[in-house]
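K.L.:
The structure under discussion is supplied below as structure tokens; questions concerning it will follow.
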Amino acid sequence: MDLPKSQTPARPVTRVHDLRASDADRERVAAVLGEALADGRLTMDEHAERTERAYRARTLGELTGLTTDLGPPEAQPILVDDRPLQVTFGTLRREGRWVMPVKLPLLALFGTVELDLREAVLQRRHVVLDALVLCGRVRLLVPDGVAVNVTGRTILSTRDVRVRPAGEGPVVEVGGRMLFGSVRARAPKRTLRDRMRGRLRKDR
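In the UniProt record's numbering, the protein residues as written are 1 to 204.
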């Protein structure tokens, strides 16, 4: 079911770099620093200084600055980048621990954008993917509890949303325009154990 297009929120939005870091985020960065020490990219003193800063970091922005010179963006333990996504005649994939900003512009021309949100941090509970798609595809993989609503204008395009949202859970809105394209959203496949747990809950 499509929802009305979201309005600009009245409350100020926390900047992407100012979002709070979790203990798991700190451990991810510490692991990368440990690998850099082991292969000689960091000295003992550099490793000790950066590791101390990692465990003292309060925001994601403070953490990302510790590993930017140790690998390309796609290899970073945490990706904090709110720039528009653009792909032409290819595939752009974003996965792992990354921040989904409150509004993310997307341009796909004869290409595919794949967004894996299972480990992503949502800047707000309602985020918008502002897509402009021409003969392209948008693929979303979202965790259980997250709703996906396609509200954009679609012309000779397809939409296929099969997710497992929660009543008051986060919402990913796909807006914008799509011509000769497709958008598909999926929840992760459930294991046999997950299916058994679901049946047990229904029987209670």
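Idealized CB from N, CA, C, for every residue including glycine.
If you draw a straight line from the C-alpha of Leu134 to the C-alpha of Arg153, how long is it?
P.N.:
12 Å
K.L.:
How far does the beta strand (DSSP E) with Thr88 in it reach, from first residue to last?
P.N.:
Leu85 to Thr88
K.L.:
I want to check one thing, is the minimum distance from the CB of Glu62 to the heavy atoms of the ligand ZN below 8 Å?
P.N.:
Absent from the structure shown: the ligand ZN. Ligands present: none.
K.L.:
My output table needs one value for Arg124: the three-state DSSP class, helix, strand or coil.
P.N.:
In this structure, Arg124 counts as coil in the three-state DSSP scheme.
K.L.:
Buried or exposed for Gly167, going by 16 or more other Cβ atoms inside 10 Å?
P.N.:
exposed
K.L.:
Please name the residue in Arg186, Asp81, His17 and Ala48 whose C-alpha comes closest to that of Ala31.
P.N.:
Ala48
K.L.:
Could you please give me the residues that DSSP links to Lys189 through a beta bridge?
P.N.:
In DSSP, Lys189 forms no bridge with anything.
K.L.:
Any C-beta of chain B sitting closer than 9 Å to the C-beta of Gly96?
P.N.:
Although the question refers to chain B, the structure presented lacks it and comprises just one protein chain.
K.L.:
Please determine, among Ala147, Arg164, Ile78 and Arg124, the residue with the shortest C-alpha to C-alpha distance to Ala54.
P.N.:
Ile78
K.L.:
Could you check the C-alpha separation between Ala147 and Gly111 for me, to the nearest Å?
P.N.:
Distance between the alpha carbons of Ala147 and Gly111 is about 24 Å.
K.L.:
Please tell me whether Thr59 and Arg20 are closer than 9 Å, where the distance is taken between their beta carbons.
P.N.:
yes
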